[in-house]
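Read in order, the letters of the sequence shown are residues 162 to 449 in this note's numbering. Where is the CB? At the ideal position from N, CA and C, for every residue including glycine. First the structure, in the form of structure tokens, and then the observations on it.
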Amino acid sequence: MKKIRKAVFPAAGFGTRFLPVTKSLPKEMLPIVDKPVIQYLVEEAVAAGIEEIIIVTGRGKRSIEDHFDYSFELEHTLVEKGKHSLLKEVQGIANLAKFVYVRQPMPLGDGHAILCAKELIGDEPFAVLFGDDIVDHKIPAIKQLINVYNQTGSSVIGLEKVNKKETDQYGIIKPKKHTGRVYEIEDLVEKPSPAKAPSNLAIIGKYIVTPEIIQALEKSKPSHGGEIRLIDGFRELKKKQPVYGYEIEGKRYDTGNKLGLITATIDFALKRKDLGPELRKYLKSLDL
């Protein structure tokens, strides 16, 4: 099996849930303490051994490219002020991996975003990470999926058990059989009502996919307002090869909604030596 070397980051959406700030700032650049969400995800991919980061951007997303690029003026200023630790941290961002960018001209779905990167992906398996899901665990979530891919040789979808009342907010799998946290998938359903949901195993924004997903997406018919969805590609793909799901270990934060982003910011700040003690003291002082 080929090693997973590349990761695709679909990042062309409008981020409407965070308006008005996302009118001028990509939602992927919203910070958790002092790092944008997308940097946490890039660091997750790099920690899992991924070497090339392909970011699918759209109109108004230039700040993502700038963030992962060198900034001569900023670095020069930090040198002059003797802020060497900050300089090292800033320079390290551009050195995380090889970064490649491609534009999605219209927001035609997450599956379409992956098709925009077809030439960059080539004929090899790759990871997909969406900018809404951060998992806090000693083993990076995408590495957990790579481990399952190495065992099965098939595509693997990140899963999380959710409250049955919340199934209409997620893609949900119908499991065929499972061993521990690994599920063979019989079907995938987009946002089913609790009464019709085949399980409470929700799809989260982390995947390892075989190269055949490209052909599967090209065969998929647009759905949900004319969009080409990744879930439809998986339905097509599983006609030819098994698709697995893995219930990811760790605490997941949905940074695609306001409460999730705030919760992640508090939890990550509490872990820091420079912020944790004072923040903890402040939280205890609140009359809640």
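Query, Result
"Of the residues TYR414, ASP448 and LEU362, the one placed nearest ILE193, counting alpha carbons only", "TYR414"
"Cβ neighbour criterion (16 or more within 10 Å) applied to PRO197", "buried"
"Residue range of the beta strand (DSSP E) that includes ARG264", "259-264"
"Cβ shell of ARG396 (< 7 Å), same chain only, five flanking positions each side left out", "LEU349"
"Supposed contact pair LEU306 and ILE369 - C-beta distance, whole angstroms, cut 8 Å", "5 Å"
"Per-residue DSSP class, three states only, for LYS163", "coil"
"Top-ranked residue by Cα proximity to PRO268, from GLU204, GLU351, ASP195 and ARG220", "ARG220"
"Distance, LYS222 Cα to GLY341 Cα", "40 Å"
"Proximity winner among LEU436, SER360 and SER224, relative to ASN324 (alpha-carbon distances)", "SER360"
"Enclosing beta strand (DSSP E) for PRO438 [first to last residue]", "Segment 437-446 is the alpha helix (DSSP H) holding PRO438; no beta strand (DSSP E) there."
"Three-pair Cβ contact test at 8 Å for the region 206-215 versus the region 251-264", "yes"
"Inter-residue spacing [alpha-carbon to alpha-carbon] between TYR443 and ASP428", "14 Å"
"CB contact flag (PRO301, GLU205, <8 Å)", "yes"
"Pairwise C-alpha distance: VAL203 and GLY366", "13 Å"
"Contact set for GLU379: own chain, Cβ-Cβ below 8 Å, skip 5 residues either direction", "LEU276"
"GLY314, buried or exposed, once every other Cβ within 10 Å from all chains shown has been counted against 16", "exposed"
"Boundaries of the alpha helix (DSSP H) in which ASP428 is found, first to last residue", "419-431"
"Pick from PHE229, PRO383 and VAL251 that is closest to GLU236, judged by C-alpha positions", "VAL251"
"Whole-angstrom distance between PHE291 and ALA425, CA atom to CA atom", "16 Å"
"Alpha-carbon spacing of LEU247 relative to ILE295, whole angstroms", "24 Å"
"Span separating the alpha-carbon of VAL289 from that of GLU347", "21 Å"
"Exposure of GLY437, with buried meaning 16 or more beta-carbon neighbours within 10 Å", "exposed"
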